[in-house]
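Presented below is the structure to which this report refers.
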Amino acid sequence: MELFLIIFGLCTLVLLVIAIKKTKLTAKLTAELRQREQIIDRQQQENSALISRVDRQGQENTALQNRVDALSKYQTIIDAEAHAKELNAQAESVFAHSKIAAAVELHEAKRIAKEELITSEMEMASARATASRIVEAANKRAEEIAGDAYSAMNRAKEFADTAKAMKNIIEGYGDAYIVPTYNLLDDLAEEFSFTEAGQKLKAARDMSRWMVKAVRAATCDYAEANRRDTAIRFVIDAFNGKVDSILSRNKADNHGKLEQEIRDAFALVNHNGTAFRNARITDEYLASRLEELKWAATTRVLKEQDREEQRLLREQIREEEKARREFERAMKDAAKEEDTIKKAMDKVLQQAANANDAQRVEFEAKLRELEIKLQAAEEKNQRALSMAQQTRTGHVYVISNVGSFGEEVFKIGMTRRLEPKDRIRELGDASVPFEFDVHAMIFSDDAPTLEKTLHRHFLRRQMNKVNPRKEFFRLGISEIRAELEILGVETLWTMAAEALEYRETTRIEQQIQENPVIEQQWTRHQLEQEVENEFEEEMHSA
1 MELFLIIFGL CTLVLLVIAI KKTKLTAKLT AELRQREQII DRQQQENSAL
51 ISRVDRQGQE NTALQNRVDA LSKYQTIIDA EAHAKELNAQ AESVFAHSKI
101 AAAVELHEAK RIAKEELITS EMEMASARAT ASRIVEAANK RAEEIAGDAY
151 SAMNRAKEFA DTAKAMKNII EGYGDAYIVP TYNLLDDLAE EFSFTEAGQK
201 LKAARDMSRW MVKAVRAATC DYAEANRRDT AIRFVIDAFN GKVDSILSRN
251 KADNHGKLEQ EIRDAFALVN HNGTAFRNAR ITDEYLASRL EELKWAATTR
301 VLKEQDREEQ RLLREQIREE EKARREFERA MKDAAKEEDT IKKAMDKVLQ
351 QAANANDAQR VEFEAKLREL EIKLQAAEEK NQRALSMAQQ TRTGHVYVIS
401 NVGSFGEEVF KIGMTRRLEP KDRIRELGDA SVPFEFDVHA MIFSDDAPTL
451 EKTLHRHFLR RQMNKVNPRK EFFRLGISEI RAELEILGVE TLWTMAAEAL
501 EYRETTRIEQ QIQENPVIEQ QWTRHQLEQE VENEFEEEMH SA
């Protein structure tokens, strides 16, 4: 036992030394690469300076030419034209020589930069190969020192991975490997599109194909070349067959599960490859195929995000168009109403002029009533015109649907409709079983900002943690009211949800369970109602 512990300690020490050497080598290579990049940057700056110099020389030549033209125009000496030509020739000569010199220097700079880049890439490739040889030699040295203990450590991990893979295949993956999609997007810039992700995916696939051609995808301990090649092709075909099948099932929400399936395939293929002199897939090739999965999933997520944004944009355009038509209709109706009232007022005035004192009192009362109606129509017209002109005015609403989503679930949204309840009725269409209840309807000169402020304040309470555009929140109505009061927003509130259809449905369900006669009556009533609805639809279509 003590001998084993000593051997294990030696293994650990050797691995630690190897890790330190690899870290130092990596740091050195990184420093060299940065130095090469700095050289290339300096060369590019010199190239830019040369181009600027050529431009300045051209500007000087142009100025000189202008001066020559001016001299030719205003000097009266006989040899002015010859002098101007001489100056022009000198300018052209200077410009030509400068242009040639600049072109030569630019070409030389590009050549040097290209050579530096090639040298840098060759040194990096050499460094990678050296690092690989160092690691391989260190592993062999560790095996020589520790013997069976080191091999046992590696075999133990392989057996553990194989056992885990078999367990996952037998029992299923379930929800254990679900990974939120935002993990895929955290490292990407905001402007990163699914097209760029597709290019990354293509590059990852090209890398996997190159590794197979370069015999970097798998390895084997057979000494005889033909047997070794056959064993390598066997494990590569087996692994790629499994991985390609897994990648074909890629969706936006199963990245974590598919990643584990690929790792399990890697463990099982390598386990089965032990019968062929340890034929196995390399860790490097596994990483390459996992990179394919990553970019395939990222492409899918970004594409679905883009599709969702387009859908929301179309919905917003439709909503704006409905609001515009509503404003136009309201203004047209208000103008028509104003015209009707004015005509009625003119008629009353004419009648009052020819009436006696008793009749005149009656006509004046009618006139005051018409003036009130006219003022209301003008205000309605002005309100519709104002909302049409101000694109940020609208209503922020707080609604609930107990029958569809349960208690203490509220939707906080915004509409620019002149009649905001029309929007609420649309939300309660056939997509949900019950109508929405309105708890608050808040008019605001800047409705989008008020809506966004509430959404941000209740961010942690949103029901859908994946898609923040779903405007449902799990919280109490009193919390929303308190936040609006802090913001200085006052409105009328309906604190309790009426949920009339839902509560009536619950009562009917209870009665049906208790009394079969009521069930028959309800069924007959529903069938009769269905016939009436069909008849009404036929009448409308006719």
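Under the UniProt record's numbering, residues 1 to 542 are what the sequence shown spells out, in order.
The C-beta atom is built at its ideal place from N, Cα and C for all residues, glycine as well.
Delimiting residues of the alpha helix (DSSP H) encompassing residue i
i	result
F266	255 to 272
G241	225 to 247
R503	500 to 514
residue 586	The structure shown has nothing for residue 586, since the chain only spans 1 to 542.
T453	447 to 457
K421	420 to 427
Span of the beta strand (DSSP E) around residue i
i	result
Y397	394 to 400
D437	437 to 444
Cβ separation of residue i and residue j, assumed to be a contact under 8 Å, to the nearest whole Å
i	j	result
S400	D437	5 Å
V398	I508	With a Cβ gap of about 28 Å, V398 and I508 do not count as contacting.
L290	L247	About 11 Å; that fails the 8 Å criterion.
A499	G403	6 Å
I442	V489	6 Å
V396	A358	With a Cβ gap of about 53 Å, V396 and A358 do not count as contacting.
A440	T491	5 Å
V215	A238	About 17 Å separates the two Cβ atoms, so there is no contact after all.
T282	T219	6 Å
residue 544	N381	Residue numbering for the chain in the displayed model covers 1 to 542; residue 544 lies beyond these limits and cannot be assessed.
F363	F472	Wrong, their Cβ atoms sit about 57 Å apart, outside the cutoff.
V432	R474	So it is not a contact: roughly 17 Å between Cβ atoms.
E320	R416	7 Å
A296	N250	5 Å
M211	E284	7 Å
T453	L487	7 Å
A265	V243	6 Å
A204	S288	7 Å
R311	A252	The Cβ separation is near 15 Å, so there is no contact.
In DSSP terms, what residue i is bridged to
i	result
K411	I399, F472
A204	Looking at the DSSP assignment, A204 forms no beta bridge with any residue, so it has no partner.
R216	For R216, which the question treats as bridged, DSSP gives no partner whatsoever.
I281	A218
Q350	DSSP output for Q350 lists no bridge partner at all.
Q462	F473
Proximity test, Cβ basis, 8 Å: residue i and chain E
i	result
I486	As a matter of chain content, chain E is missing from the structure shown, which is built from one protein chain.
Count Cβ pairs between the region 368 to 384 and the region 341 to 360 that sit closer than 8 Å; are there 3 or more?
yes
Assess contact between the region 269 to 285 and the region 222 to 238, defined as three or more Cβ pairs (one per stretch) separated by less than 8 Å. Is contact present?
yes
Does the count of Cβ pairs from the region 451 to 463 and the region 508 to 519 closer than 8 Å reach three?
no
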